[in-house]
Structure formats: structure tokens, C-alpha cells
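A.B. asks:
Number of protein chains: 2
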Amino acid sequence: MTEPARKPSRIQVENRKRILEAALELFSKHGFRGTTLDQIASACGMHKPNLIYYYESKEAIHVDLLNTLMTEWLSPLNALDPDGDPMEEMLRYIRRKMEMSRLYPRESRLFANEIVQGAPRMLPHLEATLKPLFDQQCGIVNTWMHAGKLATMHPAHLIFSIWAVTQHYADFDAQISVLLPGDDKRARGAEQFVEEMFRKLLSP
Amino acid sequence: MTEPARKPSRIQVENRKRILEAALELFSKHGFRGTTLDQIASACGMHKPNLIYYYESKEAIHVDLLNTLMTEWLSPLNALDPDGDPMEEMLRYIRRKMEMSRLYPRESRLFANEIVQGAPRMLPHLEATLKPLFDQQCGIVNTWMHAGKLATMHPAHLIFSIWAVTQHYADFDAQISVLLPGDDKRARGAEQFVEEMFRKLLSP
DNA sequence: CAGGTTTTTTACCAATTGGTAAAGTTACGA
DNA sequence: TCGTAACTTTACCAATTGGTAAAAAACCTG
């Protein structure tokens, strides 16, 4: 048995959304400890006790944010179609991950911050949500490899390498900006490179 | 003209080393804001004001740590030998990066924490130290490619992908442990995978 | 529009935190 | 071994921070 949990009012829905948007901006930029309730409050035009009215603690905001975004974040992996063309499915996944890195760098950095520090507030969710999906999709990739449609390799490490390369462009943007400055076609170049890289790697 | 800057005493050398070791452990695990001077002090058996005796502020500890470690961290890139065999040089670099990820995950996560948050205390050092080295080594790689010794691709993105994949094993270890649990040969498998991946990618 | 409920605001608090002042102790060269 | 400089410790502080209490305001429903 949990809470009575009445349906949330319109105001509740709106304000929780405002809070999460401000929290995403700040947590992704400064990490959990580097963000204060006052910052979140002023970023969304509220007062600190008002945040606590909607979330019982700063940690509750962070956890809700992580868990809410994780589902969307993983949806492209979910979308691997076992009946599609293996190479096209993998490249579509990789392209989508690059696009998400470009469009949603805050989400990427939010997770990066959390996981680099040992995922203290997300481990249960990783076990419960990510692990089963990961195992299942590794299975699909493995099937494709054994059918000779993709080069044979360890599917888990393959997925790690896709995550690593694609999310690197969001997570390490500060460094990349220094090393490839003033390149307004950087994103395009990155996307071309990554697609060609994995096309070559995955060719049987 | 800067400080008089007398040669540091034996005690100074020892104690700064103790402080940096404790700071590395804590900053890499909890980030800059997530680490307190009291934690650092008790981790190295000192008292808080003693830290301030050796470093003028918490930030000074962090900056010194980052700048000190960066040189070692980059040394493998520095070691690319323009006269060596291109494929062997690249694979040696990649192997060394994997080894460092395994042996020095704290250093990797220290930098990851800093860069994910926009490198607020490291940007000048990136400009001054990393950028010139990076450009130079990109040049070497480019030469190798144009000599037909390596597959042709954007050298900067190639190096990014090497960093991404190798450091991922240190930075995202919390996630990898969940997804490939109980695998005491994980590191070996990762090293094999990554070497084969880049061997295939780099073959002309 | 009355009355209760939800939401917002003001005032506040205790704990933590980065850092200081200054007294006390140790190390070391003359 | 003595004096001074280097180092350590204790006591302290002001600012920040996560969070609370409770009054005030806004909102909704019969």
C-alpha cells in the first residue's frame, strides 16, 4: 500500500514540469552537489519552500528527473527492430544517438554526472530498467551477427562503444570546443565520421 | 615578477603529496562541490587549516591536482612516434589508454567530472597544453593516412573516438558493472574488443 | 459567493562549509 | 643548544544551505 495519491491538479502538473526543466539545466551543468535549491527556485521563478511543497527534498527532484528522462533516453535502443535490416537498424540507432547528443546534451550530461560519480541515486533504476533492455537488445545484435549480417564481436562491448562515442560529443563538448574551435560544421563532421566508423566496423 | 618562491622543504613536498592523493580520491568520486575540505583533511590525517597552510583554497588544491595529472595523462599521446609503424603506433596508443583506464580510473573520472561540467577550472590549461599537442599529433596521424598506411578519416574525430571508447570503461564503470556483472575477465574482454575494433577501423 | 482546500510567501533555523586568527609545537641551521 | 622559521592545532566565524512553521493568498466547488 502506498499513498492515497489523488490525481494531481493542473497547477501541480505545470509546476512540477517547471521545476524539472530548471533542475535539468542546473544539475546537468553543476552536478547534484553543485546545484542549490535556491538556484533551482530562482531559475523557475519560485521560492525555495515551494519546491519542497512539490518535492520532499532536493534529492527527490534529482531522482524524479533521472527516472523520468531515462525512459526517453533509452527509447532508441528499444526501437531496434529484430526484423529490420541489421546494418540499417544499427546505423539508424547510431544516427539517432548522435542526434540526441546534439539536441539533448543536457540529458546526456545529467546522466554522465550521475554515473561518473558511481550512480548513487540511479543504481536501482539501472538494474531494474536498463539491464533487462540491454540484455534483450544484446541478444538481437548477437542473432544478427550469427546470421552473418554483421561482423562478429562482443555485442555488449559494441553497445558500450556506441554509447561512448556518441555521448562523448555531448559530455565532453567543453573539450571538443577547444580542440575543434569555430567549426560550425562540427556536428555534421562528427555525424559523418561516426556513421562511417561503425559502418566499417560492423561490415561482416 | 611573481613570488620569492623558495625551494619547498621535505615536509612541504610530502604533505602536498598526501593532500593531492586524498583529493584525487575524493574529487574523482564526488566532484569538486561534492567534496569538502574536512573530508580531504581527515582522509590524509590532517586538520583543515593545515590544508589551507599548503594551498590557499580548496580550488587551489583542485587546480593543482588537475594540472599536475594532465601531463602524465597526456603522455601516451605525446609518445606517438612519427617514424614508427603507423598501425603499431596507433594500437600501442590505444592499448596504453585502455591500460590507463584500468589502472588509473580515478584520474579519468577526475577529468570527466571537470569537463562534463564545462571545465570551469581547466579551460586555460586545455588551451595552453592540450590544444598544441592535439594539433601536432593530428598532423602525424594525417601524414600516416595520406601515406596510405592507415585508412583515411578525420584525425581529430578519430582521436575523440579513441578517448571516448577507452575512457568510457573508467568513467562509466558504475554502469558497466551493472550490465556485465561478475565478469572478472571484463577488462581483458574490453581490451581485446577495443584493439580489434580500432585495428579494423584503421586498416587502409 | 461562501468555505474549505490548495498553493505561495515570509520568517526562520540548525547544520555545514570554506576559511581565519592566533597560540602552541616541532624542526633545523648557526 | 639555542633561536627562529616552519608547521600544527585549537577555537572560532560568517555565509550558505537544505529544510520547516505558519500565515497569507489564490483557487475551486457546491
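So the sequences go chain by chain: A and B.
Numbering of the first sequence is given in my numbering, commencing with residue 2 and proceeding in unit increments.
Numbering of the second sequence is given in my numbering, commencing with residue 2 and proceeding in unit increments.
Every residue, glycine too, gets a C-beta built ideally from N, C-alpha and C.
On the criterion of 16 or more Cβ atoms from any shown chain inside 10 Å, does residue 194 of chain A qualify as buried, or is it exposed?
C.D. replies: buried
A.B. asks: What does residue 116 of chain B reach in chain A if we use C-beta pairs closer than 8 Å?
C.D. replies: 172, 173, 175 and 176
A.B. asks: Can you find the residues in the same chain that come closer than 6 Å, C-beta to C-beta, to residue 70 of chain A, ignoring five residues on each side of it along the sequence?
C.D. replies: Excluding sequence positions up to five before and after residue 70 of chain A, its CB lies within less than 6 Å of the CB of 108, all in the same chain and listed in chain order.
A.B. asks: Does residue 1 of chain A pass the burial test, meaning 16 or more other C-beta atoms within 10 Å, or should it be called exposed?
C.D. replies: In the structure as shown, chain A begins at 2 and stops at 205. Residue 1 of chain A is therefore absent and cannot be evaluated.
A.B. asks: Check the Cβ-Cβ distances between residue 45 of chain A and every residue of chain B, and say whether any is below 8 Å.
C.D. replies: no
A.B. asks: With 16 other CB atoms within 10 Å as the buried threshold, where does residue 1 of chain B fall?
C.D. replies: Lying outside 2 to 205, the shown extent of chain B, residue 1 of chain B is not represented and no answer is given.
A.B. asks: Whose CA, out of A/100, A/119, A/203 and A/27, lies closest to the CA of residue 74 of chain A?
C.D. replies: A/100
A.B. asks: At a Cβ threshold of 8 Å, is residue 129 of chain B touching chain A?
C.D. replies: Chain A, which has no Cβ nearer than 8 Å to the Cβ of residue 129 of chain B, makes this no.
A.B. asks: Rounded C-beta distance between residue 183 of chain A and residue 114 of chain A? I'm assuming under 8 Å.
C.D. replies: Not quite, the Cβ-Cβ distance comes to about 27 Å (not below 8 Å), so this is no contact.
A.B. asks: Go ahead and pull the three-state DSSP assignment for residue 182 of chain B.
C.D. replies: coil
A.B. asks: Whose Cβ in chain A lies nearer than 8 Å to the Cβ of residue 202 of chain B?
C.D. replies: 198, 201 and 202
A.B. asks: Along the chain, which unbroken stretches of the beta strand (DSSP E) at least 3 residues long are found entirely within the region 138-184 of chain B?
C.D. replies: Segments of the beta strand (DSSP E) lying fully in the region 138-184 of chain B: there are none.
A.B. asks: Label residue 11 of chain B either buried or exposed according to how many other C-beta atoms from any shown protein chain fall within 10 Å of its C-beta, with 16 as the threshold for buried.
C.D. replies: exposed
A.B. asks: Whole angstroms are fine: how far does the CA of residue 166 of chain A sit from the CA of residue 25 of chain B?
C.D. replies: 26 Å
A.B. asks: Assuming residue 198 of chain B contacts residue 150 of chain B under a Cβ cut-off of 8 Å, what Cβ separation, rounded to an integer in Å, is found between them?
C.D. replies: About 19 Å separates the beta carbon of residue 198 of chain B from that of residue 150 of chain B, a gap too long to meet the 8 Å contact definition.
A.B. asks: Kindly provide the ranges of any alpha helix (DSSP H) runs that are 4 or more residues long and lie completely inside the region 25-109 of chain A, ordered along the chain.
C.D. replies: 38-44, 49-55, 59-79 and 87-104
A.B. asks: In this structure, how does DSSP classify residue 190 of chain B when only helix, strand and coil are distinguished?
C.D. replies: helix
A.B. asks: Near residue 146 of chain B, which residues of its chain fall below 6 Å by C-beta distance, leaving aside the five closest residues on each side in sequence?
C.D. replies: So the list reads 153, once near-sequence residues are dropped.
A.B. asks: What do you reckon, is the C-beta of residue 45 of chain A under 7 Å from a heavy atom of the ligand NAP?
C.D. replies: Looking at this structure, you won't find the ligand NAP or any other ligand, since it has none at all.
A.B. asks: Are the CB atoms of residue 131 of chain A and residue 120 of chain A within a distance shorter than 8 Å?
C.D. replies: Their beta carbons are not under 8 Å apart, which means residue 120 of chain A does not touch residue 131 of chain A by this criterion.
A.B. asks: Can you list the residues of chain B that residue 166 of chain A reaches, using a CB-CB cut of under 7 Å?
C.D. replies: 162, 165 and 166
A.B. asks: My output table needs one value for residue 122 of chain A: the three-state DSSP class, helix, strand or coil.
C.D. replies: Residue 122 of chain A falls in the coil class under three-state DSSP.
A.B. asks: Comparing the C-beta of residue 104 of chain A with each C-beta of chain B, is any distance below 8 Å?
C.D. replies: no
A.B. asks: Starting from the beta carbon of residue 154 of chain B, find every residue of chain A whose beta carbon is closer than 8 Å, and list them in chain order.
C.D. replies: Taking a Cβ-Cβ threshold of 8 Å, the residues of chain A close to residue 154 of chain B are 194, 197 and 198, in chain order.
A.B. asks: Which of the three DSSP states is assigned to residue 9 of chain A in this structure?
C.D. replies: coil
A.B. asks: My output table needs one value for residue 205 of chain A: the three-state DSSP class, helix, strand or coil.
C.D. replies: coil
A.B. asks: Got a sec? Which residues, its chain only, sit under 7 Å from residue 90 of chain B by beta carbon, not counting five neighbours each side?
C.D. replies: 81 and 82
A.B. asks: For a contact defined as C-beta to C-beta under 7 Å, what are the partners of residue 1 of chain A on chain B?
C.D. replies: Only positions 2 to 205 of chain A appear in this structure, which leaves residue 1 of chain A out of reach.
A.B. asks: Can you find the residues in the same chain that come closer than 8 Å, C-beta to C-beta, to residue 77 of chain B, ignoring five residues on each side of it along the sequence?
C.D. replies: 94, 97, 98 and 101
A.B. asks: For residue 15 of chain A and residue 104 of chain A, I'd like the C-alpha separation in whole angstroms.
C.D. replies: Residue 15 of chain A and residue 104 of chain A have their alpha carbons spaced roughly 23 Å apart.
A.B. asks: With a cut-off of 8 Å, does the C-beta of residue 135 of chain A fall near any C-beta of chain B?
C.D. replies: yes
A.B. asks: Taking 8 Å as the limit between beta carbons, can you name the residues of its chain near residue 55 of chain B, skipping five residues before and five after?
C.D. replies: So the list reads 13, 16, 17 and 20, once near-sequence residues are dropped.
A.B. asks: When the Cα of residue 23 of chain B is compared with those of B/35, B/42, B/34 and B/9, which residue comes out closest?
C.D. replies: B/42
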